[in-house]
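The numbers in the numbering used here rise by one with no breaks, and the one at position 33 of the sequence shown is 41. Presented below is the structure to which this report refers.
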Amino acid sequence: MTELFQKSRSTINEHILNIYKEQELEKEGTMRKIGNSDFSTKPTNYYNLNVIISVGYRVKSLQGTKFRQWATARLQEYLVKGFTMNDELLKQAGGGSYFDELLDRIRDIRSSEKVFWRKVLDIYATSIDYDPKVEESLKFFKTIQNKMHWATHGNTVLSHKSPSQRYLLS
9 MTELFQKSRS
19 TINEHILNIY
29 KEQELEKEGT
39 MRKIGNSDFS
49 TKPTNYYNLN
59 VIISVGYRVK
69 SLQGTKFRQW
79 ATARLQEYLV
89 KGFTMNDELL
99 KQAGGGSYFD
109 ELLDRIRDIR
119 SSEKVFWRKV
129 LDIYATSIDY
139 DPKVEESLKF
149 FKTIQNKMHW
159 ATHGNTVLSH
169 KSPSQRYLLS
């Protein structure tokens with residue numbers, strides 16, 4: 009962390025002590041003592057990513073400022089768009105198993121009927137002759153719903169409904 013944030017070891021240690029003192033993080037699970045170093049007979053402390061991020065938000069250095077700018081941009085993107093991605097990592101290395109996870113999550117979101125129907129309704133509602141109470145509009149939505157359900161799941165909405173619910177869709 010001293011190299012990462014271009015600060016002295018004592019400054020980094022002071023921030024870490026304050027992180028634990030203020031209970032921002034707990035020592036257990038965020039720090040591990042391992043072996044002896046070449047410089048000391050005491051074991052070396054190793055910290056997880058949460059500690060590094062917390063120090064990054066506290067340290068006053070050019071590197072700390074760059075980290076906060078980067079992290080704030082990611083947080084802002086997440087709050088505005090609902091997601092953030094490391095495009096370069098996904099392009100270069102394929103992201104390992106993360107790429108497969110991303111595809112699964114996108115597939116799940118895309119198959120969400122709520123999102124889909126909001127889009128269809130938005131488009132259809134821009135029609136000059138749109139009236140949500142007219143039988144033709146209701147029939148249009150039922151037909152589109154069945155076609156999209158078939159495309160996504162391989163069967164119609166009716167095949168998933170119990171006999172008592174089927175009359176609602178016909």
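For glycine and all other residues, C-beta sits at the position ideal for the given N, C-alpha and C.
| query | result |
| --- | --- |
| Cutoff 8 angstroms; reference residue 29; Cβ partners in own chain excluding five residues on either side | none |
| Beta-carbon proximity check, residue 33 vs residue 59, cutoff 8 angstroms | yes |
| Where residue 38 falls, given that 16 or more other Cβ within 10 Å makes a residue buried | buried |
| Residue 111 versus residue 48: straight-line alpha-carbon distance, rounded | 48 angstroms |
| Three-state secondary structure (DSSP) of residue 134 | coil |
| Endpoints, the beta strand (DSSP E) within which residue 10 is located | From DSSP, residue 10 is part of no beta strand (DSSP E) but of the alpha helix (DSSP H) over 10 to 13. |
| Whole-angstrom distance between residue 79 and residue 173, CA atom to CA atom | In this prediction, residue 173 scores a pLDDT of 49, lower than 50, which makes its location untrustworthy; the coordinate-derived value is nonetheless stated afterwards. About 49 angstroms. |
| Opposing strand residues paired with residue 40 [DSSP bridges] | 54 |
| Where residue 89 falls: helix, strand or coil (DSSP) | helix |
| Rounded C-alpha distance that separates residue 69 from residue 108 | 37 angstroms |
| Between the CA atoms of residue 88 and residue 145 - distance to the nearest angstrom | 33 angstroms |
| Per-residue burial, residue 123 [other beta carbons within 10 Å of its own, 16 or more giving buried] | exposed |
| Nearest-angstrom Cα separation, counted from residue 116 out to residue 132 | 24 angstroms |
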